[in-house]
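One structure is given here, and the rest of the page talks about it.
Numbering (the working numbering), first residue to last: 138 to 862.
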């Protein structure tokens, strides 16, 4: 195995530790005495805080929850990939689906700071629902708005990394992610995203030199828990779901080897349900991280109301307990979840920041009804802990972070407990359903509204009805037991052109009956098939892909003007549709992907016409690589067992416009690889991999060579095969 030093740091944490010790790094382990030169000085008044709680929820952008909140830097409109500005719709309490919020989705949506491609991420716009461009109102999350009005809301807090939960939770405990940028690929469950993952589990890791590799998601770096232990045993706990429970993947200390595989795990990581108990009894540790389970996390499609109720229950327990007078709660959501936000995140390093997320600061010493515009990220909470307990910083991130003190007034009369009531969650998952464009006379795909009995006794439905161009297919049940659900499948069959509206009305014996869902769709005559185009595989940079045809058809009885057909991103189109498309006619649009940057690329095809609902927008997605491998796979044929074959070569060429760092090359199976590849390969530069086959047994043998490098498509894999004779 060939291994570059930086990649090996992630593979061999012991070697990493030894090297740090040799270099004289004093931050890895503290003997119990804090270095006065590196520890932060405690600001005046901060010692009134003896309990710091980091309460972590899931997957919401700032504009999604608080874009309409008075006095903040929020918005109620958003820019989509065509450049149009649209109003932000109403986010359902239970969303119809999740939204992509991965590292590629973060890059796509932010679009270099333009903040205009949230509709291009996977499931950001399904059948015209523009779910990524929706937000909640005060009536949807009234208690969160109440906390924001009473205490402090931050409108300038960003997720620490452009990607999703795994890495951002690591920043919350360590001000770094070990280079992890993705979500772990889990082979099977039970098992987690961390050190107890099943063999074969991996996560994408980007080293500081840009090399991307797939690594087992178990790291070994200094955490804030270690700093607290080393500083005279300051108490701390991570309240989190347990193995096998939904939400266990968000238990960040599971991904830290020396915690997960030592007594620290049993000493400090406890079931999340114990937080309310400890808060009520006054036995909270000095520092707490709190993560709830999947049902109460607010991770789409889970209910925001259910999650908010759990937060209220936890905070009420705290405020009614003896620790409230000396506590601060930093309530935040871990990533943007695919939802729109209009503020470009600052680029602090190659990992972040990601889009803005909500942050509420709740404490007797929080400034009342205050909006803080100071720049924060998750490591800002670590900075606050370090300043309170005179701890050394963990990384450059918390060293340079703002410490959140601007949100406090330690000389004010302490705010009393602010107790709120949990509320009856809505029985319908949505109050509005958007169907998008649909051809007149044809039936759309169904959109499901979920009816849930959130009460404690049976719910009796007396009537279900739709109006307008909408039809209903409902479950046969008319008595819904507590906690049970009924699927209400609504379809749209427009009878006329233009915007069509209607309602779904549920009449029952529950509070608030009848419940009404507003339904909207647009009747059109121009149809486009398929509804989106994908260019999978490793399309080579600056080389046109295969052609894909899109059919534009006029299903109406009158001709329609075609104003323009344009593409955005690394895509181009040609067509012979002309300026007028006759009634009953169709034409072909040919789309080609010519990537300019390696990795996942997103764009669109927009058809501007005289039809209602113009422009018609198709999402285009392509995968690309800047590494040309010739041949792409290597078959060896038959070879005697124990005998090494003649070498076969693979030419590797860097087709990027910048030098490419080459990391480790890992080979599996009965195969061996050597290369003359340098650590950095210049643009248009080539090197050679020499591969041999030495079968250990008879029969078909397979393996692969994995190349880790700084290309956006890394790691690349070369399949290998041969037969033992």
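All residues carry an ideal CB built from backbone N, CA and C; glycine is no exception.
Being a predicted model, the structure only gives us computed values, none of them experimental.
Going by C-alpha distance, which of 724, 679, 705 is nearest residue 663? On the chain shown, position 526 is the one that residue 663 refers to. The shortest Cα separation from residue 663 among 724, 679, 705 belongs to 724.
Can residue 374 and residue 434 be called in contact, C-beta distance under 8 angstroms? As a first step, residue 374 is located in the chain shown; it is residue number 237 there, counting from the start. As a first step, residue 434 is located in the chain shown; it is residue number 297 there, counting from the start. No; because the gap between Cβ atoms is not below 8 angstroms, this pair is not in contact.
Quick check: what's the CA-CA separation for residue 563 versus residue 621? The sequence position of residue 563 within the chain shown is 426, counting from 1. The sequence position of residue 621 within the chain shown is 484, counting from 1. Cα to Cα, residue 563 sits roughly 13 angstroms from residue 621.
May I ask you to verify whether the region 515-522 touches the region 222-229, counting CB pairs closer than 8 angstroms and requiring at least 3? no
Euclidean distance between Cα positions of residue 371 and residue 528: Your numbering for residue 371 matches position 234 in the chain shown. Your numbering for residue 528 matches position 391 in the chain shown. If I take the Cα positions, the gap works out to 11 angstroms.
Buried or exposed for residue 464, going by 16 or more other Cβ atoms inside 10 Å? Looking up residue 464 in the chain shown gives position 327. Buried, since its Cβ has 16 or more Cβ neighbours within 10 Å.
Find the nearest neighbour of residue 571 within the set 266, 232, 201, judged by alpha-carbon distance. Locating residue 571 in the chain shown gives position 434, where the first residue counts as 1. Restricting attention to 266, 232, 201, the CA atom closest to the CA of residue 571 is found in 266.
Beta-bridge pairing of residue 791 - partner residues as DSSP gives them: Translated into positions along the chain shown, residue 791 becomes position 654. As computed with DSSP, residue 791 is found in a beta bridge with 764.
If you run the structure through DSSP and keep just helix, strand and coil, what is residue 476? Counted from its first residue, the chain shown places residue 476 at position 339. Of the three classes helix, strand and coil, the one that applies to residue 476 here is coil, per DSSP.
Take every Cβ of the region 530-539, pair it with every Cβ of the region 189-198, and state whether three or more of those distances are shorter than 8 angstroms. Judged by Cβ distances under 8 angstroms, the region 530-539 makes no contact with the region 189-198, as fewer than three pairs qualify.
For residue 350 and residue 337, the rounded distance between their alpha carbons: Here residue 337 refers to the residue found at position 200 when the chain shown is read from its first residue. Here residue 350 refers to the residue found at position 213 when the chain shown is read from its first residue. Between residue 337 and residue 350, the C-alpha separation is close to 14 angstroms.
Around the C-beta of residue 413, are 16 or more other C-beta atoms found within 10 angstroms, so that it is buried, or is it exposed? Counting from one through the chain shown, the residue named residue 413 turns up at place 276. Under this definition residue 413 is a buried residue.
Confirm, please, whether the CB-CB distance from residue 296 to residue 705 is below 8 angstroms. Walking along the chain shown from the start, residue 705 turns up at place 568. Walking along the chain shown from the start, residue 296 turns up at place 159. Against a cut-off of 8 angstroms, the Cβ pair of residue 296 and residue 705 comes out as no contact.
Taking the CB atoms as reference points, tell me whether residue 260 and residue 236 lie closer together than 8 angstroms. Locating residue 260 in the chain shown gives position 123, counting from the first residue. Locating residue 236 in the chain shown gives position 99, counting from the first residue. A contact, by the Cβ cut-off of 8 angstroms.
Expected contact under 8 angstroms - CB spacing of residue 187 and residue 511 to nearest Å: Locating residue 187 in the chain shown gives position 50, counting from the first residue. Locating residue 511 in the chain shown gives position 374, counting from the first residue. About 24 angstroms; that fails the 8 angstroms criterion.
Buried or exposed by the 16-neighbour rule on C-beta atoms within 10 Å, applied to residue 695: Sequence index remark: in the chain shown, residue 695 carries index 558 (1-based). With fewer than 16 neighbouring CB atoms inside 10 Å of its own CB, residue 695 falls in the exposed class.
Could you have a look at residue 311 and say whether DSSP puts it in helix, strand or coil? Walking along the chain shown from the start, residue 311 turns up at place 174. Residue 311 falls in the helix class under three-state DSSP.
Measure the beta-carbon distance from residue 231 to residue 246 and round it to whole angstroms, keeping in mind my assumption that it falls under 8 angstroms. Reading the chain shown from its first residue, position 94 is the one you call residue 231. Reading the chain shown from its first residue, position 109 is the one you call residue 246. Rounded, the Cβ-Cβ distance is 23 angstroms, inconsistent with contact.
Expressed to the nearest angstrom, what Euclidean distance is found between the alpha-carbon atoms of residue 254 and residue 248? Taking the chain shown and counting its residues from 1, one reaches residue 254 at position 117. Taking the chain shown and counting its residues from 1, one reaches residue 248 at position 111. The alpha-carbon atoms of residue 254 and residue 248 are separated by roughly 6 angstroms.
Close beta carbons around residue 167, own chain, < 8 angstroms, minus the five adjacent residues each side: Indexing the chain shown from 1 puts residue 167 at position 30. Caution is warranted here: a pLDDT of 31 is assigned to residue 167, below 50, making its placement in the model unreliable, and no coordinate value can be reported.
Residue 861 vs residue 835 beta-carbon contact at 8 angstroms: Numbered from 1 along the chain shown, position 724 holds the residue referred to as residue 861. Numbered from 1 along the chain shown, position 698 holds the residue referred to as residue 835. Against a cut-off of 8 angstroms, the Cβ pair of residue 835 and residue 861 comes out as a contact.
Which runs of the alpha helix (DSSP H) spanning at least 4 residues fall entirely within the region 324-374, listed in chain order? 361-367
I'd like the list of long-range same chain contacts for residue 784, defined as Cβ closer than 6 angstroms, with 5 residues on each side in sequence excluded. On the chain shown, residue 784 is found 647 positions in, with the first residue counted as 1. Apart from the 5 residues on each side of it in sequence, residue 784 sits with its Cβ closer than 6 angstroms to the Cβ of 827, 829 in its chain, given in chain order.
Measuring from the CB of residue 613, is there a heavy atom of the ligand NAP at a distance below 7 angstroms? This structure lacks the ligand NAP, and indeed carries no ligand of any kind.
Can you say whether residue 816 is buried or exposed, counting buried as having 16 or more other CB atoms within 10 angstroms of its CB? Position 679 of the chain shown holds residue 816. With fewer than 16 other Cβ atoms within 10 Å, it is exposed.
Beta-carbon separation of residue 441 and residue 277 under 8 angstroms? On the chain shown, residue 441 is found 304 positions in, with the first residue counted as 1. On the chain shown, residue 277 is found 140 positions in, with the first residue counted as 1. Against a cut-off of 8 angstroms, the Cβ pair of residue 277 and residue 441 comes out as a contact.
Determine whether the beta carbon atoms of residue 347 and residue 798 lie at a separation below 8 angstroms. Translated into the one-based positions of the chain shown, residue 347 becomes position 210. Translated into the one-based positions of the chain shown, residue 798 becomes position 661. A contact, by the Cβ cut-off of 8 angstroms.
If we ignore side chains and look at the alpha-carbon of each, how far apart do residue 170 and residue 501 end up? Taking the first residue of the chain shown as 1, we reach residue 170 at position 33. Taking the first residue of the chain shown as 1, we reach residue 501 at position 364. With a pLDDT of 32 at residue 170, under the threshold of 50, the modelled position of that residue is not reliable, and the figure given next carries that caveat. The alpha-carbon atoms of residue 170 and residue 501 are separated by roughly 31 angstroms.
Are the region 755-762 and the region 671-690 in contact at 8 angstroms, needing three or more beta carbon pairs? The region 755-762 vs the region 671-690: in contact.
What residue does the beta strand (DSSP E) around residue 827 start on, and which one ends it? In the chain shown, counting from the first residue as 1, residue 827 sits at position 690. Its beta strand (DSSP E) spans residues 823-830.
CB-CB under 7 angstroms to residue 398, same chain, minus the five flanking residues each way: which ones, in chain order? Stepping through the chain shown from its first residue, residue 398 is reached at position 261. If we look at residue 398 and ignore the five residues flanking it on each side, its Cβ neighbours are 332.
With distances taken from CA atoms, which of 577, 568, 614, 668 is nearest residue 640? Taking the first residue of the chain shown as position 1, residue 640 is located at position 503. 568 is the residue among 577, 568, 614, 668 whose C-alpha sits nearest the C-alpha of residue 640.
Check residue 145 in the structure and name its three-state DSSP category. Along the chain shown, one-based indexing puts residue 145 at 8. Reliability fails at residue 145, whose pLDDT of 36 lies under 50, so the model's placement of it is uncertain and the value that follows must be treated cautiously. The answer is helix: DSSP assigns residue 145 an H, G or I state.
Is it the case that the Cβ atoms of residue 342 and residue 315 are separated by a distance below 8 angstroms? Indexing the chain shown from 1 puts residue 342 at position 205. Indexing the chain shown from 1 puts residue 315 at position 178. Yes; because the gap between Cβ atoms is below 8 angstroms, this pair is in contact.
Count the C-beta pairs between the region 785-795 and the region 703-718 that are closer than 8 angstroms, then say yes if the count reaches three, no if not. no
Rounded straight-line distance, which links the Cα of residue 193 to that of residue 468: What you label residue 468 is simply residue 331 of the chain shown in a count that begins at 1. What you label residue 193 is simply residue 56 of the chain shown in a count that begins at 1. Pairing residue 468 with residue 193, the inter-Cα distance amounts to about 6 angstroms.
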